[in-house]
Amino acid sequence: MSKEHSDIGLVGLAVMGQNLALNIADHGFQISVYNRTTETMEKFVAANPDTPGGLIGHAKLEDFVQSLAKPRKIVILVKAGKPTDAVVDGLTPLLEEGDIVIDGGNSQWLDTIRREKSLAEKGIRFVGSGVSGGEEGARFGPSLMPGGALSAYEEIEPVWTAIAAKVDAETGKPLSGAAPGKPIARGVHCTAYIGANGAGHYVKMVHNGIEYGDMQMICEAYSLLTNVLGLSPGECGEIFAEWNQGVLDSFLIEISADILKQKDPMTGKPFVDIVLDTAGQKGTGKWTSGSALDLGVPAPTVAEAVFARFISAVKEERVAASKILTGPTAKFSGNRDEFIANVHDALYCSKICSYAQGFQLMRAA
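All residue numbers for the sequence shown refer to this note's numbering, where the first residue is 23 and numbers rise by one.
Encoded structure:
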């Protein structure tokens, strides 16, 4: 039986929004949900009738807002930029002094500062919260980075600490085993109040920037193993899987190992050799590099990773250049195992440098 008023609301039922709503409902909070396309909302609610907290769908934004307990707490999970502004503008006339709007998207921290200031003039509190962990993280435990007024964070803290990822207090390792309706209740939660106005989204931006560097360094390690040693993608996948058991243990190494072992079902060739080799981006790496330049903080690993994506995008030019520039042709003649160990150590050292650059940037900011 549903309560008269929901504990929290969520606008935007794409995959991330649906998964975060289910995560919240799994922890016993009743959540109202709204989506611009009503059919999406109706299908989502109908497909999940038995969550511990309960999902309450609303076709009209006005009814959605009125369904929430005061002070109202509303999470927005839509595309950054103009779509987020449109949702905020639609909500603002319906809200009252003390209500809280939480932007969980990948918004630029400067936009978050602007929105927080504008809503504060109307007595409405705004939280910009980074949400990290992708679709699976949103469903079973993301890392959450909230910034804004401390009073606003204190209102949402019970929800944020409940739904965040949990790690073992002694080892720092993520705790696994969450399932629909059965969240992990033990461990240290991966969230904390970051600071005023845009601080949460700034930290999320730097987090993403560090990840840009991580991905580029993994690519370069792969290039050394294949182009110098002549290993196959599958052999590299086995090496990465072994690396993931030690100091390089990370989600990116884990999924890289899995992907490198995959075969293209149409051709039987390694999937990594079939997929289009051009990378896109959402802007956070570029923002991180720009902020580093503005603050005079060296963050070359992130910047070079962004440039590498730019290079990958100019496919036609790369193909033309490859017909003129052949590259190294000498075969490796040294100790294979020693070379692999050196690549492992170089990757680990590079990751330490990348993290140090990111933390130095956050300290300066």
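Heads up, the beta-carbon is just placed ideally off N, CA and C, and yes, glycines get one too. Owing to the predicted nature of the structure, the values given are computational and were not obtained by experimental measurement.
At what residues does the beta strand (DSSP E) containing residue i begin and finish?
i	result
F162	Element bounds for F162: not the beta strand (DSSP E) but the alpha helix (DSSP H), G156 to F162.
G169	S165 to G170
K337	Premise fails: K337 lies in the alpha helix (DSSP H), K337 to S344, not in any beta strand (DSSP E).
I206	That residue, I206, is in no beta strand (DSSP E); it is neither H nor E in DSSP.
D125	I122 to D125
Are residue i and residue j closer than 8 Å when you measure CB to CB?
i	j	result
G127	V149	no
T310	G231	yes
L317	L253	no
V294	I281	yes
H27	A184	no
F147	S165	First, the amino acid is wrong: residue 147 is Arg here, not Phe. Cβ atoms of R147 and S165: not closer than 8 Å.
T323	Q379	yes
I362	I240	no
E338	Q238	no
A301	A335	yes
Starting from residue i, follow the alpha helix (DSSP H) in both directions and report where the run begins and ends.
i	result
Y224	A221 to S245
L282	F273 to L282
L99	Premise fails: L99 is in no alpha helix (DSSP H) and is neither H nor E.
V365	R358 to A386
V110	K104 to L113
D190	Here D190 belongs to no alpha helix (DSSP H), and DSSP marks it neither H nor E.
I294	Per the sequence shown, the amino acid found at residue 294 is Val instead of Ile. From DSSP, the alpha helix (DSSP H) with V294 extends over F293 to I296.
L315	T306 to L317
K65	T60 to A69
Could you check how far apart the C-beta atoms of residue i and residue j are, in whole angstroms? I think they sit under 8 Å.
i	j	result
A243	V123	With 8 Å as the limit, A243 and V123 do not qualify as a contact, their Cβ atoms being about 42 Å apart.
L99	L141	Not a contact, Cβ separation roughly 18 Å.
D125	T134	7 Å
G31	F86	6 Å
L247	R358	In fact, because the Cβ distance is near 10 Å, the residues do not count as touching under 8 Å.
H223	S154	Not really, about 11 Å apart at Cβ, beyond 8 Å.
L274	D236	5 Å
E119	G145	3 Å
N266	F162	Actually they are not in contact, since the Cβ atoms of N266 and F162 sit about 20 Å apart, beyond 8 Å.
L83	G112	6 Å
G75	I53	6 Å
Do you know how far the Cα of residue j is from the Cα of residue i?
i	j	result
E276	A263	6 Å
G194	G209	9 Å
S151	A221	9 Å
G79	K139	30 Å
D367	S344	30 Å
R58	A160	21 Å
L77	R94	16 Å
T62	G34	10 Å
N70	L116	28 Å
E157	F51	20 Å
Y215	E192	22 Å
K285	A91	51 Å
Any beta carbon of chain C sitting closer than 8 Å to that of residue i?
i	result
S89	The chain labelled as chain C is not found in the depicted structure, where only one protein chain is given.
Starting from residue i, follow its DSSP beta bridges and name the residues at the other end.
i	result
G217	G169
S54	G31 and I78
K144	Looking at the DSSP assignment, K144 forms no beta bridge with any residue, so it has no partner.
G349	Paired residues: none, contrary to the question.
K285	P292
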